[in-house]
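Residue numbers (this note's numbering): 3 to 352.
Built from N, CA and C at the ideal position, the CB exists for glycine as well.
Just so you know, these numbers come straight off a predicted model, no measurement behind them.
Right, one structure below, let's go through it.
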């Protein structure tokens, strides 16, 4: 019963097969092989326009380089206070950008509140040299607490960013999970709503060290190529990342695996709602489920083989957590089975 993280799941068998198929022979290095070029074209098709694609190894690299692409002296990027770029990147965005700052914006359950964003950016007049100046806005889709920005919400935030002449970045570590939950297209969830650059995640959805930066502003592509090289993220044998994405996209696998993970999360949430020993904190929208459980009961579940973590109370959560309780996070993946969800449901049912 592995619900600790979708990072715990292995590689999807089709991804492994794709890697194996690309393992032999010789191919042009540094992203110029025929396979690399074919995958770049596949990204163009998926996003319904020409995009610049840069393979990287981790989400941290994707997020940090994405923000660095728009870096400027005294620059400030605005993100939700509980976003991954603020809480979980160990200062990497600041490091790669040469000291640009991150500024926290409030909002309930992982999502930036548009009014708060407008007010916060407005505090930093770009002509005042002492304060620093707006550089970018970053949103996470789906968020760190499993919620999702609707298309209109993305458009609203993008409009604020544009009014302040800054780009909008989307951290899409769980991009596919949000996409299938909204039943929309990659184009509709990104550039058609005003997103300028995307961290496109594959690792959490069945890949192995396969992430990509998708840049919609092609004029920035040459600069980002140098930034990626300097950040040690240009792979000589990049065909092995391309091979993963080729298999990932084939026959819609990336969407199928995301749907499965989301379905398992909904199944898990239903089991928690029916439980006498746990209560659902809020309804999941993607593949992360949050529940309030007594500490002693959580310890019993973990002793019985369930892997999950306690979690901090997010901004905007007004549910009650007792002295003897904690908030816990459960994450499902392509590898989560209905059987293990049901087994967990049996454990908490009594």
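At the C-beta level, residue 260 and residue 178 come within 8 Å of one another.
Residue 268 sits in a helix when the DSSP states are folded into three classes. Boundaries of the alpha helix (DSSP H) around residue 42: 36 to 49.
Judged by DSSP in its simplified three-state form, residue 78 adopts strand. Residue burial annotation: residue 131 is exposed, with fewer than 16 other C-beta atoms found within 10 angstroms of its C-beta.
Apart from the 5 residues on each side of it in sequence, residue 210 sits with its Cβ closer than 6 Å to the Cβ of 13 in its chain, given in chain order. For residue 217, no alpha helix (DSSP H) segment is defined; the enclosing uninterrupted segment is the beta strand (DSSP E) at 213 to 217. Every alpha helix (DSSP H) of 4 residues or more that sits fully in the region 279 to 309 is shown, in chain order, as 297 to 305. Nearest C-alpha to residue 105 among 111, 122, 90, 349: 122.
At least 8 Å separates the beta-carbon of residue 293 from that of residue 285.
The DSSP assignment places complete beta strand (DSSP E) segments of no fewer than 3 residues inside the region 133 to 197 at 135 to 142, 170 to 174, in order along the chain. According to the DSSP secondary-structure assignment, residue 98 is paired through a beta bridge with no residue. Sixteen is the threshold: since fewer than 16 other Cβ atoms of the shown chains lie within 10 Å of the Cβ of residue 39, the residue is exposed. Excluding sequence positions up to five before and after residue 52, its CB lies within less than 7 Å of the CB of 46, 220, all in the same chain and listed in chain order. Contact annotation: residue 223 and residue 196 have beta-carbon atoms that are not nearer than 8 Å. Here the alpha carbons of residue 246 and residue 257 stand approximately 15 Å from one another.
Sorting 183, 291, 305 by C-alpha distance to the C-alpha of residue 297 places 305 at the top. Secondary structure at residue 254: helix, using DSSP grouped into helix, strand and coil.
Residue pairing for residue 312: DSSP places it in a beta bridge opposite 330.
The region 134 to 146 and the region 164 to 183 touch, with three or more beta-carbon pairs separated by less than 8 Å. Counting along the chain, the unbroken beta strand (DSSP E) around residue 203 starts and ends at 199 to 203.
Each residue's CA atom was taken as its position, placing residue 126 and residue 78 some 9 Å apart.
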